[in-house]
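Each residue of the sequence shown is one higher than the last, beginning at 269 in our numbering.
See below for the structure under consideration.
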Amino acid sequence: MRKLEGKTCIITGGAGSLGCASARLFLAEGARVLLVDVDARGLDRVAAELHSANVDIAVADVSSAEATEHYVQQAVAWFGAIDVLVSNAGNFGAVSPIASYPDQAFDTVLAVHVRGAYLAAKHAVPHMNDGGSIVITSSVAGMRGDPGVYAYITAKHAQVGLMRCLAKELAPRRIRVNTIHPGPIDNAFQLAVEQGLGGALGVDGTAFFNAMIPLGRHGSADEVARSVLYLASDDSSFTTGTTLMVDGGMSI
Ligand SMILES: NC(=O)c1ccc[n+]([C@@H]2O[C@H](COP(=O)([O-])OP(=O)(O)OC[C@H]3O[C@@H](n4cnc5c(N)ncnc54)[C@H](O)[C@@H]3O)[C@@H](O)[C@H]2O)c1
Numbered sequence: 269m270r271k272l273e274g275k276t277c278i279i280t281g282g283a284g285s286l287g288c289a290s291a292r293l294f295l296a297e298g299a300r301v302l303l304v305d306v307d308a309r310g311l312d313r314v315a316a317e318l319h320s321a322n323v324d325i326a327v328a329d330v331s332s333a334e335a336t337e338h339y340v341q342q343a344v345a346w347f348g349a350i351d352v353l354v355s356n357a358g359n360f361g362a363v364s365p366i367a368s369y370p371d372q373a374f375d376t377v378l379a380v381h382v383r384g385a386y387l388a389a390k391h392a393v394p395h396m397n398d399g400g401s402i403v404i405t406s407s408v409a410g411m412r413g414d415p416g417v418y419a420y421i422t423a424k425h426a427q428v429g430l431m432r433c434l435a436k437e438l439a440p441r442r443i444r445v446n447t448i449h450p451g452p453i454d455n456a457f458q459l460a461v462e463q464g465l466g467g468a469l470g471v472d473g474t475a476f477f478n479a480m481i482p483l484g485r486h487g488s489a490d491e492v493a494r495s496v497l498y499l500a501s502d503d504s505s506f507t508t509g510t511t512l513m514v515d516g517g518m519s520i
């Protein structure tokens, strides 16, 4: 029996690296998947790549309540009910000392990661089957502080608070809620971070991060997807309210 046979899943940030990797694995495990992203062309590209009748797409800004209602309604119209919600959309913002941190970047990053995950849960939960699973993609940045990364690190910590509240509210319905905390992943999102930081510090950004990771390397999107699958499926049936690190030990 496949791990998500017949399960219905929403993945936000579905046009991106981690969302696409999770979708691929979910499909292989028997799921139907609605990919949600603000990047319409990216969604078309990923849908073509996945090439499955079990994939649909929704163009939406996850920070908009109206757009969230729409993509949840699209899922309900297709699925009937939702088993798995993966809140994974993300942006990075700026790196700057606190006195000059751009307010706009702070607001935009909090809107996507925190308001986006909050709205997704708010609108999806009434349509979720009992025994379902919510996975929120936080980060190793949700477990540690670093100077200058005010918006991203604050947002990734806030997602843990949201997750813990949801885990307690939804436990009577056996809906489990967990955060996943990837470390640096070998993809374009992380590369952009490293180029920005490396340039500011005058170092090789990738080597700078590898030196902080006990396993000495970046992770792959597939390694994260396998952990998302674990939290999404009944393999983790007694796990709720937890923060699963997938970071090569960076947080220890
Ligand atoms: N790449 C890493 O090293 C890493 C590490 C830890 C955590 N994360 C987190 O993993 C998640 C996925 O990141 P990724 O590495 O796949 O990056 P990515 O840039 O490939 O994917 C992120 C996706 O989110 C979408 N998005 C951004 N704003 C949105 C909005 N307002 N509404 C809807 N979609 C929006 C983007 O269009 C993009 O497709 C993010 O939450 C990120 O913070 C990434």
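Note that CB positions come from ideal geometry on N, CA and C, so glycine has one too.
The structure presented is a predicted model; accordingly, all values stated were derived computationally and were not measured.
Residue span of the beta strand (DSSP E) that contains N455, given as start and end: Here N455 belongs to no beta strand (DSSP E), and DSSP marks it neither H nor E.
Nonlocal neighbours in the same chain, by C-beta distance under 6 Å from R444, ignoring five residues either side: Here the set comprises S401, T508.
Cut-off 7 Å between Cβ atoms - residues of its own chain near S368, not counting five sequence neighbours on either side: Excluding residues within five positions, none has a Cβ falling inside 7 Å.
Supposed close pair G517, G487 - CB separation, criterion 8 Å: That pair is no contact at about 11 Å.
The stretch 370 to 378 contacting the stretch 315 to 323, beta-carbon criterion three pairs below 8 Å: With the rule of 3 Cβ pairs closer than 8 Å, the stretch 370 to 378 does not count as touching the stretch 315 to 323.
S401: first and last residue of the uninterrupted beta strand (DSSP E) it sits in: 396 to 405 is the extent of the beta strand (DSSP E) around S401.
Alpha carbon of D502 to alpha carbon of K271, nearest angstrom: Cα atoms of D502 and K271: separation of roughly 7 Å, rounded to the nearest angstrom.
Three-state class that DSSP yields for V417 in the structure shown: Residue state, collapsed to three classes: coil.
Contacts around K424, its chain only, beta-carbon distance under 6 Å, and the 5 residues preceding and following it disregarded: Excluding sequence neighbours, K424 sits near S406, S407, A409, G410.
Pairwise C-alpha distance: V344 and L465: Taking the straight line from one Cα to the other gives about 42 Å.
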